[in-house]
Amino acid sequence: MTRPALSVSQSPRDPAFVQDPYTFYAEMHRASPVFFWEDYGLWCVAGYDQVNALLRDRRLGRENRWGAPLNPVEGRGHLSDFDRIESGSLLEREPPAHTRLRTLVNRAFVSRSVERLRPRIRQLAGKLVDALPEDRAFDLLPAFATPIPLTVICELLGVPVERGNDLLSWSHAMCEMYVPRRARETEERANRAAAEFGAFLTGHIEAHRQQGTDDLLSALIAVRDTGEKLSDDELISTCVLLLNAGHEATVHQTGNAVKTILDQGGDPGRFFATPDLAAATVEETLRYDAPLHMFTRYAYETVDLGPVALKPGEQVALLLGAANRDPAAFDAPDEFRPGRPDQKTVSFGAGLHFCIGAPLARLELQESLSVLFGRMPDLAMDEDARYRDSFHFHGLESLKARRRAGA
0 MTRPALSVSQ SPRDPAFVQD PYTFYAEMHR ASPVFFWEDY GLWCVAGYDQ VNALLRDRRL
60 GRENRWGAPL NPVEGRGHLS DFDRIESGSL LEREPPAHTR LRTLVNRAFV SRSVERLRPR
120 IRQLAGKLVD ALPEDRAFDL LPAFATPIPL TVICELLGVP VERGNDLLSW SHAMCEMYVP
180 RRARETEERA NRAAAEFGAF LTGHIEAHRQ QGTDDLLSAL IAVRDTGEKL SDDELISTCV
240 LLLNAGHEAT VHQTGNAVKT ILDQGGDPGR FFATPDLAAA TVEETLRYDA PLHMFTRYAY
300 ETVDLGPVAL KPGEQVALLL GAANRDPAAF DAPDEFRPGR PDQKTVSFGA GLHFCIGAPL
360 ARLELQESLS VLFGRMPDLA MDEDARYRDS FHFHGLESLK ARRRAGA
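In numbering that gives the first Met the number 0, the protein residues as written are 0 to 406.
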C-alpha cells in the first residue's frame, strides 16, 4: 500500500481515546476526513457524505474474495468452526449470494411486522423496572439493557430464553473476532463458541422441523423463493447473525442512550413525552453516541478516495461514529438535539448491508427508554459511567444508577 500523505498514530486502546473518541474525530475532520490510521494499517474515512456514499458503493464489499472465510487461508485451521458459520453469513457475503440470502430472510422477517412486538417490549420493560431496587445503586446494563433485546430475539426465533447466558457468552466471544490484531487466545475462544453455538442450533433446528412452531425460525425453515431455500449451514449462520446482532448492539446503544440522556440534566422524561418525541430522541442517541464505530470494506476495483486510490483487495475503514459527528453534515454535531432537522445517522449502515434489524432495534429503544424514564424520572448516575476497552463495539463497562435522594 502506498504510504499516505496524512498518516496518524492513535492507539485505540489509549484510555483517553476509549472514553472520548470524538475529540480525535474532530481533529481528523479539521485535518483530513480521509487519513491513514497507522495503528490499524488502514485508510479511514470520517466524513459523513463520503462514508454514506461508500457504504452504497458496489465497488466495495464485505466479502473477502482473497481469503477466509470463503477461501482456505494458511494458519487459520484453528478457526474452522468460526469460518464455517461466517461463510454463510449475510454480513460477509455480496451478490449474488447476498441477494439470495437476504431475499429469503426478508421474506420471513418482514412478514412478521416488528410493530406488533411493541406491547411485549413495553411489558418486559415494566417488569424489569419494577424489579429495580429503590434504596440502593444498581447496574442498569444487566438489570435492564440486556434482558429486553435478548428476550425479544430469543422469543422471535423460538430459542429458549433460559439459554440466554449461553447465547450471551457465545455472542461475546464471536464478536471479539471483529477487532483487528486480536490474540490467538481470542480466536480460539471464538472458534469454540462458534462450534458450541452451531451444535446447539443444529439440534434446535431439527426439533423445530418436527414441531412446526409459529416463530421466525420455523418461518426460515419453511421459506422458499422460486424453488430455493436456506441450507442447514445457511440457517445456522443466519440464526447466529440474528441472535448476535439482535442484542449485542442494542444493549450497547441502550446504555449509551441512558448515559447521554442523564447527562442532559433535568427530567429525562421530557424526551419521551409523546411517541414522536421518543422516536426523535432515539434517533438522536443513535447519531450522538453509536454502538458501532468502524465498519470495513474490501475494494473490488480501483476506488479513488481523494488522497489515495484503493487497489483491489485493499481494505478501507468507514468510521460511522465519526461520520455521525461531521460538522460539514450536522449543525453543532457535538450537541444533543432530538428532532434536529439534519438527522441522517449512518449507525445502521446503508446500501445492501443496511441492518436488517434496524426497525426492531429502534422499537426496542423507543419503548424501553419511554418506560424507564416515565417510571423513574428521578433516575441518576451513581458514579461516572466508563466505556469498556473495545473501540469497535462502543459501549459501557457498567452503568451504576440509583434514584435521586429527595426526588
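C-beta: ideal position from N, C-alpha, C; glycine also.
Contact under 8 Å by Cβ, Q9 with W42 = no
Answer yes if the segment 112–131 comes into contact with the segment 74–87, meaning at least three C-beta pairs across the two stretches below 8 Å, and no otherwise.
-> no
Leaving out the 5 sequence neighbours to the left and right, which residues in its chain are closer than 8 Å to N105 when beta-carbon positions are compared?
-> I355
Considering only the beta carbon of each residue, do G320 and A289 sit closer than 8 Å?
-> yes
Straight-line Cα distance separating L395 from T273 = 28 Å
Buried or exposed by the 16-neighbour rule on C-beta atoms within 10 Å, applied to A327 | exposed
Residue of L200, D266, L139 and V222 minimising C-alpha distance to L242 = L200
Taking only the alpha-carbon atoms, compute the straight-line gap between V222 and R101 and give it to the nearest angstrom.
-> 12 Å
Anticipated Cβ contact below 8 Å, G373 with F271, distance rounded = 6 Å
How would you call R402, buried or exposed, if buried means at least 16 neighbouring beta carbons within 10 angstroms?
-> buried
How would you write the range of the beta strand (DSSP E) that W42 sits in, first residue to last?
-> L41 to V44
First through last residue of the beta strand (DSSP E) which encompasses A421 = Nothing can be reported for residue 421: it is not among the residues displayed for the chain, which extend from 0 to 406.
Contact under 8 Å by Cβ, L216 with L156 = yes
The beta strand (DSSP E) enclosing R269, as first and last residue numbers | Element bounds for R269: n/a, residue is neither H nor E.
Can you say whether R2 is buried or exposed, counting buried as having 16 or more other CB atoms within 10 angstroms of its CB?
-> Residue confidence for R2 is low, a pLDDT of 48 falling below 50, so the modelled location carries little weight; the figure read from the coordinates is stated next. Answer is exposed; the Cβ neighbour count stays below 16.
Is Y297 helix, strand or coil by DSSP?
-> strand
Identify, in the order they occur along the chain, each residue of the same chain with its Cβ nearer than 7 Å to the Cβ of H292, setting aside the five sequence neighbours on each side.
-> P20, L318, L319, G320, F390, H391 and H393
How about P32 and A45: are their beta carbons less than 8 Å apart?
-> yes
D138 - partner residues in DSSP beta bridges | K399
If you count every other CB in all the chains shown that lies within 10 Å of the CB of G245, and 16 or more means buried, which is it?
-> buried
By how many angstroms is the C-alpha of A322 removed from the C-alpha of A136?
-> 35 Å
Going by the CB atoms, is the gap between L378 and L276 shorter than 8 Å?
-> no
Could you name each continuous alpha helix (DSSP H) segment of 4 residues or more that falls completely within the segment 4–91, going from the start of the chain to the end?
-> 14–18, 21–30, 47–55 and 79–85
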